[in-house]
Amino acid sequence: MDIMAFLRQRAGDFRCPVCRRSLADCELEELAHRGAHYTVQVTCTHCSMAFLVALEVQGGGEAQVERVEAPPITPDEILEVHRALSGHEGTLTALLERPAKRD
Numbered sequence: 021m022d023i024m025a026f027l028r029q030r031a032g033d034f035r036c037p038v039c040r041r042s043l044a045d046c047e048l049e050e051l052a053h054r055g056a057h058y059t060v061q062v063t064c065t066h067c068s069m070a071f072l073v074a075l076e077v078q079g080g081g082e083a084q085v086e087r088v089e090a091p092p093i094t095p096d097e098i099l100e101v102h103r104a105l106s107g108h109e110g111t112l113t114a115l116l117e118r119p120a121k122r123d
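The sequence shown begins at 21 in this note's numbering and counts up by one.
Here you go:
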């Protein structure tokens, strides 16, 4: 089963969590694929909101989509990320590959 084709086919069944418009013409980008687990970034073409969808393909090739509703990112959260990353020098790829620090 082509997961991306499946998601494109089903996208119109969902609405953007921000602007509430149909995601029928959204942009889809596969970010990760490990075994039966997929992570896909969905970007609304109407308001440019991007969010992640995690899904797992179960026996017989049928995909089960787990829809996660999350509130929009707040300005305070963006400032927190900015502060946390202010000392980073290097590429985004290097940042993402670095193990997360635990407090």
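Virtual Cβ for every residue (Gly too), placed ideally from N, Cα, C. All values derive from a computational prediction rather than experimental measurement.
- By the Cβ criterion, the stretch 33-46 is in contact with the stretch 59-66, since at least three pairs of Cβ atoms, one from each stretch, lie closer than 8 Å.
- The beta-carbon separation of glutamine 61 and alanine 70, rounded to 6 Å, stays under the 8 Å limit for a contact.
- Its chain contains Thr59, Val60, Gln61, Leu72 as the residues whose beta carbon lies nearer than 8 Å to that of leucine 51, once the 5 sequence neighbours on both sides are disregarded; these appear in chain order.
- Within its own chain, the residues whose Cβ lies closer than 6 Å to the Cβ of cysteine 39, once the five positions on either side in sequence are excluded, are His66, Cys67, listed in chain order.
- The DSSP-derived three-state label of glutamate 76 is strand.
- Histidine 66 carries a coil assignment under DSSP once its states are collapsed to helix, strand and coil.
- Contact annotation: glutamate 76 and alanine 56 have beta-carbon atoms nearer than 7 Å.
- DSSP, reduced to helix, strand and coil, places histidine 102 within a helical segment of the structure shown.
- With a threshold of 16 other beta carbon atoms within 10 Å, leucine 27 meets it and is buried.
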